[in-house]
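Each protein sequence line maps, in turn, to chains A and B.
Heads up: the first sequence begins at 1 in the working numbering, then just goes up one per residue.
Heads up: the second sequence begins at 1001 in the working numbering, then just goes up one per residue.
We put the beta carbon where it would ideally sit given N, CA and C, even for glycine.
Bear in mind the structure is a predicted one, so any value in this text is a computation, not a measurement.
Report on the structure given below.
Protein chains: 2
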Amino acid sequence: MVGRFGRRLIAMEEPILAAHEISMWAYAVLTALRDRPMRTQAALASAIGADKTRLIPVLDDLQRRGLITREPDPADRRVRLLSLTSAGGKLHAAVQGDIRAAEEALLAHVAPEDRARFLAVLQALNEVR
Amino acid sequence: MVGRFGRRLIAMEEPILAAHEISMWAYAVLTALRDRPMRTQAALASAIGADKTRLIPVLDDLQRRGLITREPDPADRRVRLLSLTSAGGKLHAAVQGDIRAAEEALLAHVAPEDRARFLAVLQALNEVR
DNA sequence: TATTGTTATACTCTATAACTATA
DNA sequence: TATAGTTATAGAGTATAACAATA
């Protein structure tokens, strides 16, 4: 059931991401960087559960489109300082808004008191152990 | 959250399936055939949301291990009649038992009244539209 | 020598197309 | 000719290993 629901959500999000010309990984990057800038690409990769090598083309694209900054740290020129540009922040907000609206529409089929309980249990299960 | 929970469940199930030397697709096949035998491989594939071509090595293996039968229909020798053997049924029951036990252990962290509600909402969300 | 990022390579999963056999 | 199943091939997505730059 969880698998089916997850696939349903992904199917629901895909056209939204496509409309903003952004991949799921790119969206994950924007979300992570909105929470806080990162000092290394490896830290970003582990934060979103991705491999560092498969993040590189994603970062290349985001940088080329002016959605993130990616500069060598003057103190240690091996590492790349990553942060969101204002354009990146705006795009993230737009995508997040669309996704939340779609989620709300789906959750509208559930009674409000069940809805809150459902989300709380889901969160609790994710925090077990 | 749903994605994270789904990945967690998959990670939980993987060692169980591996212990029984069975893949996730093979388990899906056994489950579908336990519910009812199938008249064609294509019907089985669509029942479990798989492509018919990627089912073939799975069926080859299950047949070789004596877990399913797979015989040409005498009435139309193009189609293969599929059903579970008793060994297949036993293996499915064993795997399902182990998976259910692991799920119960996880759900034990949730209050019993929340648990039923959670599963009901999950099912309802899957039935929307 | 160790670490960050990058590139090249290989591997897994999946889908598409071509083929065989039956009808 | 049309359909069920099979095989061969190609395409994503991902991970592993080798490499370059910097410390």
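query: Exposed or buried, A/H20, counting other C-beta atoms within 10 Å across all chains shown (16 or more means buried)?
result: exposed
task: Check each candidate in A/A26, A/R117, A/M1, A/R39 and name the one with the smallest Cα separation from A/R77.
output: A/R39
Opening and closing residue of the beta strand (DSSP E) in which A/I68 lies: 68-73
query: Which residues of chain A have a Cβ atom closer than 8 Å to the Cβ of B/H1109, listed in chain order?
result: A124, L125, V128
- request: List the DSSP bridge partners of B/D1076.
  value: B/D1073
message: Less than 8 Å between the C-beta atoms of B/I1068 and B/S1083, yes or no?
response: yes
- prompt: Just reading off the alpha helix (DSSP H) that A/V2 is part of, what are its end residues?
  reply: A/V2 -> alpha helix (DSSP H) spans 2-19.
message: DSSP three-state label for A/S46, please.
response: helix
query: Span of the alpha helix (DSSP H) holding A/H109?
result: Element bounds for A/H109: n/a, residue is neither H nor E.
- prompt: Would the beta-carbon of A/Q96 fall within 8 Å of that of B/M1001?
  reply: Not a contact, by the Cβ cut-off of 8 Å.
Burial state of B/V1128 (16 or more Cβ within 10 Å): With fewer than 16 other beta carbons inside 10 angstroms of its own, B/V1128 counts as exposed.
query: Since B/M1024 sits in a beta bridge, which residues does DSSP pair it with?
result: Within the DSSP bridge table, the entry for B/M1024 names no partner.
field: 7 Å Cβ cut-off: residues of chain B touching A/D114
entry: R1117, V1121
message: I need the straight-line Cα distance from A/I141 to A/E71, nearest angstrom please.
response: Residue 141 of chain A lies beyond the range of chain A shown here (1 to 129); nothing can be said about it.
query: Assuming B/H1092 contacts B/T1031 under a Cβ cut-off of 8 Å, what Cβ separation, rounded to an integer in Å, is found between them?
result: 7 Å
Cβ-Cβ distance between B/L1055 and B/A1045 below 8 Å: yes
message: Let me check you understand the geometry: is the CB of A/R54 closer than 7 Å to at least one non-hydrogen atom of the ligand FMN?
response: This structure lacks the ligand FMN, and indeed carries no ligand of any kind.
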